[in-house]
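The opening residue of the sequence shown carries number 739 in my numbering; numbering runs sequentially from there.
Below is one structure; the comments refer to it alone.
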Amino acid sequence: MDFTPSAKELSHFPFLKKAQDHVKGRFSSLDFLFTDTKGEALIDRALGRIQDAITPKKTFTPEITGTAGDEIAGYALARIIVSCLHDKTLIDRLTRYEAERAYYFLVNEEEWNQNYKQGEGEYSRLCIILAQELGIQITKDRIPLVDYVELVAPLHQDRYHLVNRRLEHGFVDIKKDERYELLRERIRVLLRRDLPHKVPATVCEKLSPRFALLKKAYQEQMLQQFGTIEESSFPPCMQSLITALTAGVNLTHAGRFSLTTFLHTIGMDANAIGELYARSPDFDLDKTMYQVEHITGRGGSGTEYTAPACAAMRTTGLCIHPDALCEKVNHPLSYYKAKKRDLKKSIKKE
Ligand code: SF4
């Protein structure tokens, strides 16, 4: 099928090669960002996009401000910025946001754009073409098994389990809504795979004065998400690490890294984390603060690290005494959030 989308349609799916080609000229050199007033506006647009990505309640609208080219360039620059910031959670948030946004347009495109409707009711031509552009042979109501298995791996709903699907001649039947959901997942995986970009250090340095507000908003959002620190809601792995520290045991490097990143993400400041390590037998204030600041992004590199997921914790032998709630989560931070929520509910009931 010949795919000739309008500029506006390309701005809805800015990750497509055709969309990138549309703004190619703009990114031949990033110098214009710092020498041209248009560059300044583009940085604002990209920062706004990341800001939207970290906002818990996302709203999408069909209208865009500025030109389609601005929108596509803002998408590309936002990816450059999160690459400079090197924060895994932020990168995840942005890729999820982009996938959600594309999903929103896909679901609504049928209504808006009659050009892409075939004469057979609700069958969306755009959806099929987009799937082809993203490398999967999805059709109106089925998808090759091999693509299906890869796409549903991170999806946990029972309905996606292969035992609950109709399988015929190497294809899995899917419903209309599922077609969109699988495409959303494909977009997320593809966009995540390419990040972080290798951005020249000089570009990140020049951009960095513009990051302060974003970092503040991000930190506030994380604090809002995790609320006040509740040690009683810590997952067993983190409790074990703290118990070991308190008992005067030296933690391994992986143990220190996991605990520090976990505590930092839930909002404990670097000084308080440093104080915790004062219980360690080989405590050295300068060395500890250097390590803590390095991990929490306050040191020279500016890189904030994220707490390892349960799978990585198991690999390093740090998944200690998992309990029943552990079976429902795949990240210590998810455990913490779920436990806090449960505690809140039971206090309310009482
Ligand atoms: S399953 Fe995850 S949250 Fe639970 S103890 Fe292991 S690493 Fe921690």
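We treat Cβ as the ideally placed atom computed from N, Cα and C, and that holds for glycine.
Quick caveat, the model's predicted, so the values are computed rather than measured.
Answer yes or no: the CB of residue i versus the heavy atoms of the ligand SF4, is any distance below 6 Å?
i: GLY1046; result: The question names Gly, yet the displayed sequence has Pro at residue 1046. The answer is no for PRO1046.
i: PRO1019; result: no
i: PRO800; result: no
i: PRO1070; result: yes
i: PRO974; result: yes
i: MET1051; result: yes
i: PRO938; result: no
i: CYS822; result: no
i: PRO1060; result: yes
i: CYS1057; result: yes
i: CYS942; result: no
i: CYS1064; result: yes
Answer yes or no: the CB of residue i versus the heavy atoms of the ligand MG, is any distance below 6 Å?
i: TYR1073; result: Absence of the ligand MG is noted for the structure shown, with the ligand SF4 being the only ligands found.
My assumption, with CB atoms under 8 Å, is that residue i sits in contact with residue j. Please give the rounded CB distance.
i: ILE876; j: ARG903; result: Rounded, the Cβ-Cβ distance is 14 Å, inconsistent with contact.
i: ILE781; j: LEU815; result: 7 Å
i: TYR1015; j: THR1026; result: 5 Å
i: ILE874; j: ASP885; result: 5 Å
i: SER821; j: PRO947; result: Actually they are not in contact, since the Cβ atoms of SER821 and PRO947 sit about 17 Å apart, beyond 8 Å.
i: PRO800; j: ASN846; result: 7 Å
i: ILE818; j: VAL987; result: The pair is not a contact, with the Cβ atoms about 43 Å apart (cut-off 8 Å).
i: ILE829; j: ASP879; result: Incorrect: roughly 34 Å between the Cβ atoms, too far for contact.
i: ASP808; j: ARG783; result: 6 Å
i: TYR1074; j: PHE949; result: In fact, because the Cβ distance is near 27 Å, the residues do not count as touching under 8 Å.
Out of the options, state which residue places its alpha-carbon closest to the alpha-carbon of residue i.
i: ILE881; options: CYS822, THR833, GLY908, ALA985; result: GLY908
i: ARG1052; options: CYS1064, THR1044, TYR1043; result: CYS1064
i: LYS1090; options: LEU900, SER970, VAL884; result: Since the first and last residues shown for the chain are 739 and 1088, residue 1090 lies out of range.
i: VAL1067; options: PHE1021, CYS1048, ILE802, CYS1057; result: CYS1048
i: LEU748; options: GLU778, GLU801, THR797, ILE810; result: ILE810
i: ALA939; options: TYR835, HIS824, SER996, GLU923; result: HIS824
i: GLU958; options: CYS975, ASP1007, PHE1021; result: ASP1007
i: GLY804; options: GLU871, GLY812, PHE798; result: GLY812
i: ARG1017; options: LEU989, SER744, THR1034, ARG787; result: LEU989
i: HIS760; options: GLN977, ILE967, PRO743, THR773; result: PRO743
i: ALA689; options: LEU945, GLY1005, TYR841; result: Nothing can be reported for residue 689, as the shown portion of the chain is limited to 739 through 1088.
i: LYS914; options: TYR841, CYS942, SER767; result: TYR841
i: PHE995; options: ILE1033, LYS756, ALA1050, ARG931; result: ILE1033
i: LYS826; options: THR981, ASP932, ASP1061; result: ASP932
i: MET976; options: GLN789, ASP1061, LYS1083, GLN758; result: ASP1061
i: ALA982; options: THR775, PRO1019, ALA869; result: PRO1019
Does the distance from the C-beta atom of residue i to that of residue j stay below 7 Å?
i: LEU979; j: GLY993; result: yes
i: LEU920; j: THR833; result: no
i: THR984; j: ALA1045; result: no
i: LEU905; j: LEU785; result: no
i: LEU1001; j: ILE1011; result: yes
i: ALA806; j: ARG926; result: no
i: GLY777; j: PHE770; result: yes
i: HIS1059; j: PRO974; result: yes
i: LEU754; j: GLU871; result: yes
i: ARG924; j: LEU889; result: yes
i: VAL901; j: LEU883; result: no
i: PHE798; j: ARG831; result: no
i: PHE772; j: LYS944; result: yes
i: LEU768; j: VAL941; result: yes
Practice item. Enumerate, from N- to C-terminal direction, the unbroken alpha helix (DSSP H) stretches of 4 or more residues contained entirely within the segment 761 to 825. Key: 770 to 773, 775 to 792, 806 to 823
Q. What are the uninterrupted segments assigned as alpha helix (DSSP H) that are 4 or more residues long and contained completely in the segment 922 to 985, given in chain order?
A. 939 to 945, 950 to 964, 974 to 984
Sequence ranges, alpha helix (DSSP H) only - wholly within the segment 1004 to 1033, length at least 4: 1008 to 1015, 1023 to 1033
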